[in-house]
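First up is the structure itself, then whatever we jot down about it.
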DNA sequence: CTAGGGTTAG
């Protein structure tokens, strides 16, 4: 029928069409038909009717066309009534235009029109979505004012609103004031408690609900399940699971997803599988929960496998992709990572920033930096995380300059955040670019990032790791706010810089502030105690660990093993190792290192065999320990075996530490030429630590020719570590080339590099006494000096001749002897002998390596005085007994 | 119900 015909109809017929149109409007199912009816209404001139305007407004809003609704409302301005106002408010809320809805509500109030009980829930809902607490209170007052205070729907909406505004007291008040409640009332309150983390209350009301005889539905259950997880109430969770099966909401996907998530939180993977297999309807969230759950349970391969199973008949979303990419990165599964990437490209998922950021991350972890960069460059828009991820990629793969370059590029596009600075400060601890560290510190000060605690913590750590404890300390003292990590970091800093007394002071300051010790606190404290090597302190700390209940922590156990071994009680290390319930590769490494330090290479090898037998896969660190052990026991063949085993059986590329150990092993065993060839065959450029290892061995073996050649190489590297300069300068001193020595001293001073001063210390009756080389001002100095003179005579009679090559100054020979006698370890030994019972063992600690002459002298002293002397130097233990040393001169 | 970057520790 055409329009013309319609217009010429009689009044009765018009009534008929009026009703038909109204019915058609109510039952319209798509937007196209709605538009047709709309134009018909206009043609018929019925658009001024309040009824049709209202119906059109709500229909357009149903089909998500709020602009159409708005224009109809605007056009009928001359005769708006309550009905239209209500309709437009509901329409706006329904389409998420909450502030517009509230504007209409305000206008309505100004016109003194009261919304009906169907519209007020919409108004309340808008307040909730806008998180507008002030308006929320006004609306609530208005509700009470107009007498809707006990309306079920309105009260339900109010509870929901206050829950979302995180004001559970008000939600609870509304709940308590209601005379009639339905399941939605209960669900709103329970979900409010649950989503705001009030687990106890959520469970409490769940039980109350059951007591009043109501049957929970899928919404109730999915609200209360997180509360079970949150409270770690596995039994409650299982009970609810049982209930769910009984009342039959099991078929609901949301409920099953909730059960899955709960069982994953309790690590009940078997139950997860059961629930998953029972589900006949699954959705994307189901798969995401599975993939993410396996990831969180460290079953990365399983989560990758599930992804490829999922894509057969399900479309993943960006959350799925993010989860699976994380898993790929974790296990460095480049192949799967690439497949996921391919999938993303083929299915046009490449616009998601998060997924791309994770792609960068995955490729980075697999060492595929070019691929990371390709993703980074291909991104249409990048956020902070993109830049930070790419910088981390460069930093983790030791491309420090590239990381810095990217940071400079980043600054042109957007403001770095505190995390960027933390990343770069961490980079500074590894890179040797000290200039950049200063620059970075200045920039972050200018931007005010020094007030962010994590940045401050990273500054403390950075300065300590480049050896500038003073700067760490200054940063620490200047901080206005500190957290537990700050304290842990400053204590660790003292450990890195070997300042025990400062470390111990920091620990007591921390305790006085009432800050709770954490695992890292104790780990740092253990490191300090290991360095100190004092038996009493070591045992006290171990007791403290028991009292605090940290004894079962694996990393703590590992550090305790190290502490006892470095304190000269290897037996305790073994006992702690045996008592540990779980041991990781680090525990075994700690024990192997311990035996290595005592020169027990064969035992270390046996432990290594046992470790492999119980199924622990060796990592690169344990190979450092085993090579170190071989080198300190002169086990050349065994060392080579391990070196090749590492490459061939475990595909671990040797790092410079491994090369340094091998060079050490070869050169200590007198194979200097072989060691030099080995260095020249290295795939990487040998650094100072490698040449340094050869040089120190040359010195003890007395091969001056190679020594001079190696010194030259070492100096060419121009390392910042003063130790190597001192080593080279000692070679020239031994050669008598004093001009060169002087020149080097000068250049060291000019560059501000200071040789670490030598210190020795020992513990007598719970007190630690420290001696520095050439120290004269301590109690009993005269007695010690006189005793050393007497001792020299006795030693001379036994055949001792001072090895003047170890006196490092250009002075007369008798003065050189005098200087050697002033070496800190000799002072400590003499002091120890004078202050302990004759015949009792002595234990001396030294921060540097023991000098050759002192080593010989100590052998004589142990024989003449019949004392067992245990000396721990920077590298290992020497047990002097009756004129010999346990190191067999391999040191 | 599910998602991305950082500090302390061998």
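In our numbering, the protein residues as written are 334 to 1224.
Quick reminder that beta carbons are idealized off the backbone N, C-alpha and C, glycines included.
The structure presented is a predicted model; accordingly, all values stated were derived computationally and were not measured.
Let's see if you can read the secondary structure: which residues bound the beta strand (DSSP E) around residue i?
i, result
"residue 1205", "1202 to 1205"
"residue 1179", "1175 to 1179"
"residue 1101", "1100 to 1105"
"residue 1096", "1092 to 1097"
Tell me the rounded alpha-carbon separation between residue i and residue j.
i, j, result
"residue 998", "residue 1070", "29 Å"
"residue 956", "residue 533", "51 Å"
"residue 336", "residue 367", "Reliability fails at residue 336, whose pLDDT of 46 lies under 50, so the model's placement of it is uncertain and the value that follows must be treated cautiously. Their backbone Cα atoms lie some 17 Å apart in a straight line."
"residue 513", "residue 483", "8 Å"
"residue 655", "residue 688", "5 Å"
"residue 695", "residue 674", "10 Å"
"residue 1054", "residue 593", "55 Å"
"residue 626", "residue 577", "22 Å"
"residue 1061", "residue 964", "22 Å"
"residue 728", "residue 1170", "56 Å"
"residue 614", "residue 657", "22 Å"
"residue 621", "residue 816", "35 Å"
"residue 529", "residue 556", "11 Å"
"residue 747", "residue 717", "8 Å"
"residue 960", "residue 931", "14 Å"
"residue 1219", "residue 1185", "15 Å"
"residue 909", "residue 861", "19 Å"
"residue 735", "residue 745", "16 Å"
"residue 1132", "residue 1020", "40 Å"
"residue 628", "residue 1191", "57 Å"
"residue 1023", "residue 1222", "21 Å"
"residue 703", "residue 648", "29 Å"
So residue i packs on residue j, CB below 8 Å; how close in whole Å?
i, j, result
"residue 928", "residue 936", "5 Å"
"residue 447", "residue 476", "Not really, about 10 Å apart at Cβ, beyond 8 Å."
"residue 770", "residue 797", "Not quite, the Cβ-Cβ distance comes to about 12 Å (not below 8 Å), so this is no contact."
"residue 522", "residue 492", "5 Å"
"residue 791", "residue 759", "6 Å"
"residue 697", "residue 725", "7 Å"
"residue 1057", "residue 1025", "5 Å"
"residue 824", "residue 836", "6 Å"
"residue 1159", "residue 1121", "6 Å"
"residue 1152", "residue 1193", "With a Cβ gap of about 18 Å, residue 1152 and residue 1193 do not count as contacting."
"residue 1064", "residue 1040", "5 Å"
How should residue i be labelled, buried or exposed, when 16 other C-beta atoms within 10 angstroms of its C-beta is the threshold for buried?
i, result
"residue 913", "buried"
"residue 765", "exposed"
"residue 921", "buried"
"residue 1012", "buried"
"residue 1188", "buried"
"residue 455", "buried"
"residue 281", "The shown model of the chain, from 334 to 1224, leaves out residue 281, and the question about it has no answer."
"residue 1126", "exposed"
"residue 540", "exposed"
"residue 432", "exposed"
"residue 767", "exposed"
"residue 775", "exposed"
"residue 603", "exposed"
"residue 715", "buried"
"residue 1090", "exposed"
Alpha helix (DSSP H) containing residue i: first to last residue?
i, result
"residue 1165", "1157 to 1168"
"residue 936", "934 to 946"
"residue 435", "431 to 443"
"residue 1212", "From DSSP, residue 1212 is part of no alpha helix (DSSP H) but of the beta strand (DSSP E) over 1210 to 1214."
"residue 399", "399 to 408"
"residue 751", "751 to 763"
"residue 1114", "1114 to 1131"
* Asked: If we count Cβ pairs, one from each stretch, closer than 8 Å, do we get three or more for the stretch 648 to 664 versus the stretch 618 to 635?
  -> yes
* Specify whether the stretch 776 to 789 and the stretch 733 to 742 touch according to this definition: at least 3 beta carbon pairs, one from each stretch, less than 8 Å apart. => no
* Check whether the stretch 441 to 452 touches the stretch 413 to 429, counting contact only when three or more Cβ pairs, one atom from each stretch, lie closer than 8 Å. => yes
* Asked: Do three or more CB pairs link the stretch 1201 to 1210 to the stretch 1110 to 1118 at distances below 8 Å?
  -> no
* Taking three-plus beta-carbon pairs below 8 Å as touching, is the stretch 859 to 878 in contact with the stretch 1093 to 1100? -> The stretch 859 to 878 is in contact with the stretch 1093 to 1100.
* To do: Indicate whether the contact test is met: 3 or more Cβ pairs, each with one atom in the stretch 816 to 825 and one in the stretch 838 to 856, closer than 8 Å.
  => Judged by Cβ distances under 8 Å, the stretch 816 to 825 makes contact with the stretch 838 to 856, as three or more pairs qualify.
* Counting Cβ pairs closer than 8 Å, one from the stretch 795 to 812 and one from the stretch 844 to 859, do we hit at least three? -> no
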